[in-house]
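Chemist: Structure incoming, see below.
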Amino acid sequence: MVILVGRISKGTLMDQIYIPKERPLGFEIGMPVLINPATEAEEIKPVYYNIGKLEPIKVTIIQKIFSELSKIDNIVVTGSFLENGFLFNDIDLILIDDKKIDSKKLEQNLKDLFVLNFHIIPLDYPTLIKGLETDPLYQAMLSKYVVKKRLIFKFKNKINYKLLDLHLLKSKPLLENFDCLTGSQKYDMARNLIAIFLFLDKKKINNEAINHNIKKLLKEEPLNIKLNVIINKAIFLKEYKKLYNGLFNKILEGIKHGS
3 MVILVGRISK
13 GTLMDQIYIP
23 KERPLGFEIG
33 MPVLINPATE
43 AEEIKPVYYN
53 IGKLEPIKVT
63 IIQKIFSELS
73 KIDNIVVTGS
83 FLENGFLFND
93 IDLILIDDKK
103 IDSKKLEQNL
113 KDLFVLNFHI
123 IPLDYPTLIK
133 GLETDPLYQA
143 MLSKYVVKKR
153 LIFKFKNKIN
163 YKLLDLHLLK
173 SKPLLENFDC
183 LTGSQKYDMA
193 RNLIAIFLFL
203 DKKKINNEAI
213 NHNIKKLLKE
223 EPLNIKLNVI
233 INKAIFLKEY
243 KKLYNGLFNK
253 ILEGIKHGS
């Protein structure tokens, strides 16, 4: 197929496209032609990390997200959206860019477009690396992801006990407001607790390790927690409190020694 490149020029009543008078057959005067922008953006091919299979509808959604946010330097899709099935409340996005991003406005724009909830974390690359070094949940989030452009992470764990104390506080409401929380909220708090445990124990943090240890240490199936159908509430709360207090004491000891 022969393709000609022209340029749009401003006309009095209608704009017009000029092409050479000496041109191949098939471009006679009066013949209808199809016009496409020569600067049309190249299709983005997502990079998958630690993901075996993803439902086709999710692949389509991710491609459309990348297309809509094409001006952002790099986009990471992570979280429960990438797990098998459709038990997710929102789509977690990490937007890596040096410029300032209004995350709340962008979340609403994407919600209007996709009729889905979004949770956006805007970061520059150095801040992302710092988060991976000190925050167990960052490591959990980035154990499985889809990204617009390939990412390379080089970091070592840095234990900041004061920061871990703040992270641990996020798991405390489960003990105080158990009956008022949804299954998703309970799972997020249990997940946070286990991620801190793995971080301090110098173990690899990923979704598989977290769910395995929820079952092992908290004596409950992760799916039961998500669905808010915990089989034995008394045992679950007893084990949860035991682990919480153990981590609290360990972190407090680290703070006292100035680590």
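Each residue of the sequence shown is one higher than the last, beginning at 3 in the numbering used here. All C-beta atoms in this analysis are idealised placements derived from N, C-alpha and C, irrespective of residue type, glycine included.
Can you tell which of D203, K206, L168 has its C-alpha closest to the C-alpha of M191?
Modeler: It is L168 whose Cα lies nearest to the Cα of M191.
Chemist: Quick check on the burial criterion: 16 or more other C-beta atoms within 10 angstroms. Buried or exposed for E57?
Modeler: Exposed, because fewer than 16 other Cβ atoms sit within 10 Å of the Cβ of E57.
Chemist: Among all the DSSP beta bridges, which residues are the ones paired with L71?
Modeler: None; L71 has no bridge partner.
Chemist: Do the stretch 170-178 and the stretch 89-107 touch if we need at least three Cβ pairs shorter than 8 Å?
Modeler: No, the stretch 170-178 is not in contact with the stretch 89-107.
Chemist: Mapping the DSSP letters down to three states, classify H2 as helix, strand or coil.
Modeler: As displayed, the chain neither begins before 3 nor continues past 261, which places residue 2 out of reach and without an answer.
Chemist: Does M143 pass the burial test, meaning 16 or more other C-beta atoms within 10 Å, or should it be called exposed?
Modeler: Looking at its Cβ environment, which holds 16 or more other Cβ atoms inside 10 Å, M143 is buried.
Chemist: Could you give the first and the last residue of the continuous beta strand (DSSP E) run that contains D95?
Modeler: The sequence given here places Leu at residue 95; Asp does not occur at that position. L95 -> beta strand (DSSP E) spans 93-98.
Chemist: Would you call Y246 buried or exposed, if buried means 16 or more other Cβ atoms sit within 10 Å of its Cβ?
Modeler: By the 10 Å Cβ count, Y246 comes out buried.
Chemist: For the beta strand (DSSP E) that T80 lies in, which residues bound it at each end?
Modeler: Start and end: 76-80.
Chemist: Determine the extent of the beta strand (DSSP E) in which P34 is found, giving its start and end residues.
Modeler: Careful: P34 lies outside any beta strand (DSSP E) and carries neither H nor E.
Chemist: Can you give me the start and stop residues for the alpha helix (DSSP H) that L177 sits inside?
Modeler: Counting along the chain, the alpha helix (DSSP H) containing L177 begins and ends at 175-178.
Chemist: What residue range does the alpha helix (DSSP H) around L165 cover?
Modeler: Element bounds for L165: 163-171.
Chemist: What are the boundary residues of the beta strand (DSSP E) that I19 is part of?
Modeler: 18-20 is the extent of the beta strand (DSSP E) around I19.
Chemist: Which residue marks the beginning of the alpha helix (DSSP H) containing F199, and which one marks its end?
Modeler: Where F199 is concerned, the enclosing alpha helix (DSSP H) stretches over 185-202.
Chemist: Can you tell me whether Y20 is buried or exposed, with buried defined as 16 or more other CB within 10 angstroms of its CB?
Modeler: Flag for Y20 reads exposed.
Chemist: With DSSP as the reference, label I233 as helix, strand or coil.
Modeler: Three-state DSSP puts I233 in coil, outside helix and strand.
Chemist: If you draw a straight line from the alpha carbon of V79 to that of K106, how long is it in whole angstroms?
Modeler: The straight-line gap from Cα to Cα measures roughly 17 Å.
Chemist: Less than 7 Å between the C-beta atoms of F120 and L112, yes or no?
Modeler: It is a contact, given that the beta carbons lie within the stated cut-off.
Chemist: List the endpoints of the continuous beta strand (DSSP E) containing I53.
Modeler: Neither: I53 is in no beta strand (DSSP E) and is coded neither H nor E.
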